Each structure stands twice: as structure tokens, then as C-alpha cells.
Amino acid sequence: MSIDVAAEPHRISDVRITPVAFRDLPLLNTVGVHEPLALRAIVEVVTDSGLTGLGETYGDAGHLDRLRAAASAITGVDVWHVHEIACRIRRALSGDRGTAGHGMSGMVTGSSTADRVLSPFEVACLDIQGKAIGRPVSDLLGGAVRDRVDYSAYLFYKWAGHPGAEDDAWGAALDPDQIVAQAQRMIGEYGFGAIKLKGGVFHPDEEAEAILALRKAFPDHPLRVDPNGAWSVETSIRVGAALDGVIEYLEDPTTGIDGMARVARDVAMPLATNMCVVAFDHVKPAVAQDAVQVVLSDHHFWGGLGRSRALGDICATFGLGLSMHSNSHLGISLAAMTHLAAATPDLTYACDTHWPWKDPADDVIVPGALTFSGGAVAVPTAPGLGVELDRDALARLHERYLAGGIRERDDTGYMRRFEPAFDPTAPRW
Ligand SMILES: O=C([O-])C(=O)C[C@H](O)[C@@H](O)C(=O)[O-]
1014 MSIDVAAEPH
1024 RISDVRITPV
1034 AFRDLPLLNT
1044 VGVHEPLALR
1054 AIVEVVTDSG
1064 LTGLGETYGD
1074 AGHLDRLRAA
1084 ASAITGVDVW
1094 HVHEIACRIR
1104 RALSGDRGTA
1114 GHGMSGMVTG
1124 SSTADRVLSP
1134 FEVACLDIQG
1144 KAIGRPVSDL
1154 LGGAVRDRVD
1164 YSAYLFYKWA
1174 GHPGAEDDAW
1184 GAALDPDQIV
1194 AQAQRMIGEY
1204 GFGAIKLKGG
1214 VFHPDEEAEA
1224 ILALRKAFPD
1234 HPLRVDPNGA
1244 WSVETSIRVG
1254 AALDGVIEYL
1264 EDPTTGIDGM
1274 ARVARDVAMP
1284 LATNMCVVAF
1294 DHVKPAVAQD
1304 AVQVVLSDHH
1314 FWGGLGRSRA
1324 LGDICATFGL
1334 GLSMHSNSHL
1344 GISLAAMTHL
1354 AAATPDLTYA
1364 CDTHWPWKDP
1374 ADDVIVPGAL
1384 TFSGGAVAVP
1394 TAPGLGVELD
1404 RDALARLHER
1414 YLAGGIRERD
1424 DTGYMRRFEP
1434 AFDPTAPRW
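FYI, my numbering numbers position 258 of the sequence shown as 1271, with every residue one higher than the one before it.
Right, here's the structure in full:
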């Protein structure tokens, strides 16, 4: 009698959590500059049936401690029992309201700490489920409604090189002409059909000028700007008026649901957020105040792919648009994002990705499974996530993490903060 492998339980027998570091270029945002290294944690869930699933998440020290606490709580659970895994993780972390793991100030806190910890385990369990039954993760999420997922060109103001470090091929982007040149290069290489500018770095009028320069250079590309809450309500309304008819949405111009609601009353374009609606209990007050019109989902902090799918349905129910947020990430995350986007019918915009900013040699997956053409990634059709761990690369990026002495140096995440001459939780302009 043959054993039906798919029907057997696949109990978690081991979890490996490996912090890694990869080169991150000197991209600027409102709280500082990306460090020379970005941190991630690679999660491997191993089952007694011999399958391994992959997840990727934040790599800061506080998050790593929580991942380890969660890992020891889920041993023995069948990977099909994701609710049980979620309950165990919530219990293991009860009382923990920490906020590490995003690298950005001004993001509201809430019920999302356990969701952030759950996410890589849930993704790894889905990877195993898919491998067990021979289906891609997108099928486990309801099935792909598109076979390619569109991403946007994510532009950053940027230094030429870190002080004391060699320049990189992208060069500096500190004014509108250089931002346009960055867009031309990125779109030339990847074919993106939409453009996002990370703002909150220079005076808002200069950033609006850069958007207008992009509009001139790319008349047909939808545009967005995201100052990560650096602007006051008044500034947001003024810049919103200047960019009326130019951008498809204005992302997190100011912080908090109340502030966003005040801006939304007076600007014409939709407001998007990944900072004030970051957990399910934020949806109700945001909808009640009509504070945001587009939610940027992110499976890394919404609790994984299943919960992010549920968010899509909630957004559709309330007539909210849906797009996708990113941080500096590796290939396991890109695979998970692509499966999720493929299986989200109401995704109304091209997704964010930091992918072009990463050295292609810096990854933990075997190359070739994920490639961009025409600004989109083809949805993997192999079982599970459809990506394979490259153990040598994992070891190399882990060595880089260890060599960086990161844990000792910085417990807050991957960003180097500017010396706070300003309060990073209050608007700068
Ligand atoms: O809105 C966003 O894209 C983010 O907040 C993601 C990152 O923190 C972004 O600001 C970055 O990478 O500097």
C-alpha cells in the first residue's frame, strides 16, 4: 500500500532562523540613510516528513529574539494548522507590544507584533503545503488571477556613496534631474510602468518639483510620492494641490489616522498608507474617518499571506484601493509577494519593491526563479513558493551579518538615523 504523502500530517520538527546582511546603497528617507548593510532573517521550517519551507522577515535583534521564542512554541504542530501556529505564537509573545522590524519612525503601534512574527512561519508553512500537494502557493491562496505581477520603479534620493566607501553604479540622486536620470536607468533595465518617489528628505516644494520633472519625462507613467509622514497637515494639503492631476496617490503625507483624515478632506487624489493602517484594528477608524483610500498591504507585518488576502477582501468591501509596500528584501520575500499579488483580485496598483537596489549576487535563493520583464515578475508555477535556498549564499550572507557586528552596534533595525536635530515622530515641514 502506498502512502499518500499529501494526506499525511507534516509536523514541525525543527526551525532554523538565520540572520543575514546584504549590501544596501545609501538611499535617503526622512529618518536617515540606509546603512551599508540591510538585515533580514531567513526562516526554515522543517517537518518530520522531510519537507522544508522558507520564510523571510526583518533581521533586527528584537525581532530575532521574538522569532526564536515563537519557533520553540510551534514544534510538533502540523503545517496545515496555521491557526494553531498563530495561537501558539500569540501566547508565546503575550504582553509584548514591541515595534521593531520596520525601520521607520511614525508607524503606529498596535496589535501587529505577533503578526510580524507569525508571517515568516506562515509563509514557510504554505511553502511546505504547496510542496506536499505539488501546487504553487498562489493556488493555496485561491488561485492566481494573473500570471505576471506588475511592480513599480521605487526611486530614492541617494548619496553617491557612503562617506569613506566607494561610489556605486547608480551615483547620486539629489535633485530633479538626477531623479529623472535614476528613473530612466531603472525603467530602462526593468521596464516598470509606474513610478514611486520616496520623499520626506528635502523641502516638499523641491520634491514636488522632482515629481513634475518625472511627469514631463514619463508622460504616461502613473506617479506616487511618499514622504513617510514628514509633512504637516497644512503642507500636505498645499503639496497635494500642486500635484493635483499629476500623481495617482499621495502616500503617507502626514502621520496618524486623524492627520490623514484632515488631509483627505482637502486633497483631490487618493491617500495611501502603510503607516497608519498596519493592522486589522486600524481599518475601522480609518474607514470611519475616510482617512485613507488605498491600503498598502505587506505580508511581513499583516501576519502572512492568508491574512493579507483577507485584507484584500476587507478593502474591497469598503471600496478601498489596494497596493503593496516593501522594505529592502531578498528573493524569498519577492516570491511570497508575487504569489500574494497574483491571488489578490482587487489589487489596483503596481506593487512596491526594493529589488533593483540589491546587488543581484546578494541573495539566498538559487538564481533564475524570479526575473523582471516589462516591469513584472512571472508568477512561479513550481510547487510551494517556487524558489530554492542556496545554502552557500545563505552562509555567505550570514557571515556578512556576523562580520558586521550588527547586533552589538544597533538594536533598532537596518537604518542609520540622522542625529535627531528634529523629533522623528513629528512632521519636519
Ligand atoms: O513606505 C515605504 O515604502 C516604507 O516605509 C519602506 C521603507 O522603510 C522605505 O522608507 C525605505 O526603504 O527607506
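Idealized CB from N, CA, C, for every residue including glycine. Only a predicted model underlies this, so the values are computations on that prediction, with no experimental measurement involved.
Contact check for T1088 and I1025: beta-carbon distance about 6 angstroms, within the 8 angstroms limit, so the pair qualifies. About 24 angstroms separates the beta carbons of G1334 and V1150, which is beyond the 8 angstroms limit, so they are not a contact pair. Remark: the shortest separation between the CB of D1073 and any heavy atom of ligand 1 does not fall under 7 angstroms.
Runs of the alpha helix (DSSP H) lying entirely within the segment 1194-1254, each at least 4 residues long, are 1217-1230 in chain order. Between A1292 and S1107, the C-beta spacing is not below 8 angstroms.
Assignment of beta-bridge partners to T1060 by DSSP yields I1025.
A1173 and E1220 have their C-alpha atoms spaced approximately 19 angstroms apart. When C-alpha distances from V1307 are compared across F1314, T1330, G1317, L1318, the shortest belongs to T1330.
Distance from the CA atom of D1359 to the CA atom of M1350, rounded to whole angstroms, is 15 angstroms. Residue pairing of D1091 in beta bridges, as defined by DSSP: R1024. Contact annotation: the segment 1234-1249 touches the segment 1260-1272, with at least three C-beta pairs closer than 8 angstroms. Between ligand 1 and the CB of S1310, the shortest heavy atom gap is not smaller than 7 angstroms.
Not one heavy atom of ligand 1 is found less than 7 angstroms from the C-beta of S1321. Cβ neighbours of A1406 within its own chain (closer than 7 angstroms, five residues either side excluded): D1376, V1377. According to the DSSP assignment, E1264 belongs to the beta strand (DSSP E) that extends over 1262-1264. In this structure, G1325 lies near T1357, with their beta-carbon atoms less than 8 angstroms apart.
When C-beta atoms of the segment 1362-1375 are compared with those of the segment 1199-1211, three or more pairs fall below 8 angstroms, so the two segments count as touching.
Approximately 6 angstroms separates the beta-carbon atoms of I1030 and A1084; this is inside 8 angstroms, confirming the contact. As the crow flies, the alpha-carbon of L1040 is around 19 angstroms from that of G1417. In the three-state reduction of the DSSP assignment, F1293 falls in the helix class. For Y1362, the three-state secondary structure derived from DSSP is coil.
Judged by the Cβ position, L1335 fails to qualify as a neighbour of ligand 1 at the 7 angstroms threshold, every heavy atom of the ligand being at least this far. Assignment of P1149 by DSSP, reduced to helix, strand and coil, places it in the strand class. The residues H1023, V1058, T1060, L1064, T1065, G1066, V1092, G1397, in chain order, have a CB closer than 8 angstroms to that of I1141 in the same chain once the five nearest residues on each side in sequence are set aside. Here the distance from the Cβ of S1339 to the nearest heavy atom of ligand 1 is below 7 angstroms. At least one heavy atom of ligand 1 sits closer than 7 angstroms to the Cβ of D1239.
Separation of L1347 and A1194 (C-alpha to C-alpha, rounded to the nearest whole angstrom) is 25 angstroms. For D1372, the shortest separation between its Cβ and any heavy atom of ligand 1 does not lie below 7 angstroms.
Under DSSP, E1412 shares a beta bridge with no residue. The beta-carbon separation of A1230 and S1165, rounded to 15 angstroms, does not stay under the 8 angstroms limit for a contact.
Here the C-alpha atom of D1257 lies approximately 24 angstroms from the C-alpha atom of C1328.
Contact annotation, D1160 with A1391: C-beta distance approximately 6 angstroms; criterion of less than 8 angstroms satisfied. Burial state of S1386 is exposed, judged by a 10 Å Cβ sphere holding fewer than 16 other Cβ atoms. If you check the C-beta of D1365 against ligand 1, you find a heavy atom less than 7 angstroms away.
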